[in-house]
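Student: Under the numbering used here, the first residue of the sequence shown is numbered 602, with each subsequent residue one higher.
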Amino acid sequence: MRKPELAAVIAEKADLTKEKANEVLNAILDSITGALDKDTVTLVGFGTFEKRHRGARTGKNPQTGEPVKIKASNTVAFKPGKGLKDTVNPTGKAAAPAKAPAKPAAKAAAKKK
């Protein structure tokens, strides 16, 4: 779903015009963006947005294989809340990641006498 589609759904559910719903959506997004400058943003039941610092590191150019310096930067992380998790996964707990089957143990060589 893209932003215009989300605004249309908001307009329908809140009995607003599409233009007014778009204004509301923009106001919400601007508020979250502005608040992340100073603090985390928690929407109970939906999730938490937080600013995280990523330190400087060395990457690799995939075409040449040469090392590339990547500057430190900030990014946004989102942690879904219980309500969102329950909606997306209604059967209960999230499925555990599939584990690779265990490899058979190598047989030890017979001892020579």
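C-beta: ideal position from N, C-alpha, C; glycine also. As the structure is a prediction and not an experimental result, all values here were calculated from the model.
Using the Cα positions of residue 629 and residue 622, report the straight-line distance between them to the nearest angstrom.
Tutor: For this step, residue 629 is matched to residue 28 along the sequence shown. For this step, residue 622 is matched to residue 21 along the sequence shown. Distance between the alpha carbons of residue 629 and residue 622: 11 Å.
Student: For residue 562, report the span of its alpha helix (DSSP H) as first-last.
Tutor: Residue 562 cannot be examined here, being either before or after the span of the chain that is shown, 602 to 714.
Student: Do residue 658 and residue 676 have their C-beta atoms within less than 8 Å of each other?
Tutor: On the sequence shown, position 57 is the one that residue 658 refers to. On the sequence shown, position 75 is the one that residue 676 refers to. Against a cut-off of 8 Å, the Cβ pair of residue 676 and residue 658 comes out as no contact.
Student: Between the Cα of residue 640 and the Cα atoms of 616, 646 and 651, which residue gives the shortest distance?
Tutor: Locating residue 640 in the sequence shown gives position 39, counting from the first residue. For the options 616, 646 and 651, the alpha carbon positioned closest to that of residue 640 is the one of 651.
Student: Please classify residue 624: does DSSP put it in a helix, a strand, or coil?
Tutor: In the sequence shown, counting from the first residue as 1, residue 624 sits at position 23. Helix at residue 624.
Student: Using DSSP with H/G/I as helix, E/B as strand and the rest coil, what is residue 636?
Tutor: Your numbering for residue 636 matches position 35 in the sequence shown. DSSP places residue 636 in helix when its eight states are reduced to three.
Student: Tell me the residue span of the alpha helix (DSSP H) that contains residue 669.
Tutor: On the sequence shown, position 68 is the one that residue 669 refers to. It is not in any alpha helix (DSSP H) - residue 669 instead sits in the beta strand (DSSP E) that spans 668-671.
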